[in-house]
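S.K.: The numbering used here applies: residue 5 is where the sequence shown begins, and numbers increase by one. Provided herewith is a single structure, encoded as structure tokens, for subsequent inquiry.
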Amino acid sequence: MENLTLKKKGENAGLSDNTTHIKQTPGDIVFNVINYLFFGVFTLSCIFPFYYIFINTISDNELVKSGAITLIPRGITISNYIAMFKVNDLWNSVVVTVGRTLIGTCLMVFVSGLAGYLVTKEEMWHRKFWYRFLVITMYFNAGLIPWYLNMSMLGLTNNFMAYIIPGIVSPYNIILVKTYVESIPSEIEESAFMDGASYWTIFCKIIWPLSKPILATIAIFGAVGHWNSFQDSLILNSNSPELFTLQHRLYIYLNQSSNLGAIVASGTSSTDSAAIAGAMNTKIIQYTISMVTIIPILCVYPFLMKYFEKGLMLGAVKG
């Protein structure tokens, strides 16, 4: 009897091995090799520009100007970053940018989550009209000048709230949340209603926790948008230097460096030695500016990547 049992276990083990280990044909092996090589090269081509810029910012400036830095940093130094943070009002611009990113993203995520939940409710007053009106705004806008006049009449010029209020409602993010909420089993909400829960309670204690993947996804969208935003600072707050964002401030600094470079190239003899030294480092300044603006997002993105993938896929299941 024991021998029969062992024999059956052996047969089951063999069956399990046959089902889990599928023999690959030569064509499958060739396909996998080509596939891994292609995506490996593609990944390196995406990573290398950032790596190249970074090693040039931490290498000796004389070697960078001569083009001697290619794959490995040489004469490692952080003097470029130290010099960058000595730019006038740069720290104030960092505070403004961090503030608008945190406040703007939090408000946008909350409003998108709440609005996305509300438009799934049949009981909402004129739900179809408001939802279609929301979608239409994704495809039509008045243009730059009417937008500026509207912002001016609302008192959102030379005002920090110009960074916050226009971005609170995002139609695309609301659509993503709506689609995700519709994928949550309705029985969960129905059972909560039977226990006497209100819409607000259901949203806060059920829908919001279950929607973390899609909320993290739109949080990435919002944070990257606020961090990289430049046009609103340039147009709306041009007369308030204390409200310049980091991108705007670095853009000004970059233009100043480029102008110095043009002076040196023209051979103007009246340029002093300090200006010439700064102009010769235009390329290094460009590299450093790029890294200063990219590094914060690169540090945050990996922690939200798992939510980003899950939320984006689940949010795209239904329209």
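The C-beta atom is built at its ideal place from N, Cα and C for all residues, glycine as well. Being a predicted model, the structure only gives us computed values, none of them experimental.
(1) If you draw a straight line from the C-alpha of Arg78 to the C-alpha of Ile86, how long is it?
(2) Just the Cα atoms here: how many angstroms apart are Ser49 and Tyr40?
(3) Measure the beta-carbon distance from Thr101 to Trp231 and round it to whole angstroms, keeping in mind my assumption that it falls under 8 Å.
(4) Going by DSSP in three states, Val185 sits in which element: helix, strand or coil?
(5) Would you mind giving the Cβ-Cβ distance between Glu193 and Ile206, rounded to the nearest angstrom? I have them listed as a contact below 8 Å.
(6) What did DSSP end up calling Met284 once you bin it into helix, strand or coil?
(7) Buried or exposed for Pro306, please, with buried defined as at least 16 other CB atoms from any protein chain shown within 10 angstroms of its CB.
(8) Could you tell me the distance, in whole angstroms, from the CA atom of Ile210 to the CA atom of Thr221?
(9) To the nearest angstrom, how far is the alpha carbon of Ser294 from that of Ile224?
(10) Measure from the alpha carbon of Thr183 to the alpha carbon of each residue in Phe197, Leu153, His130, Ser116, then state which is nearest.
(11) How many whole angstroms separate the CB atoms of Ser215 and Val173, which I take to be in contact at a CB cut-off of 8 Å?
M.R.: Inspection of the coordinates gives the following:
(1) Their Cα atoms are separated by approximately 18 Å.
(2) Between Ser49 and Tyr40, the C-alpha separation is close to 14 Å.
(3) 6 Å
(4) helix
(5) 6 Å between Cβ atoms; contact.
(6) In this prediction, Met284 has a pLDDT of 45, which is less than 50 and means its spatial position is unreliable; what the coordinates show is noted afterwards. Met284: coil per DSSP, three-state reduction.
(7) Answer is exposed; the Cβ neighbour count stays below 16.
(8) 18 Å
(9) It is roughly 19 Å from the alpha-carbon of Ser294 to the alpha-carbon of Ile224.
(10) Ser116
(11) With 8 Å as the limit, Ser215 and Val173 do not qualify as a contact, their Cβ atoms being about 18 Å apart.
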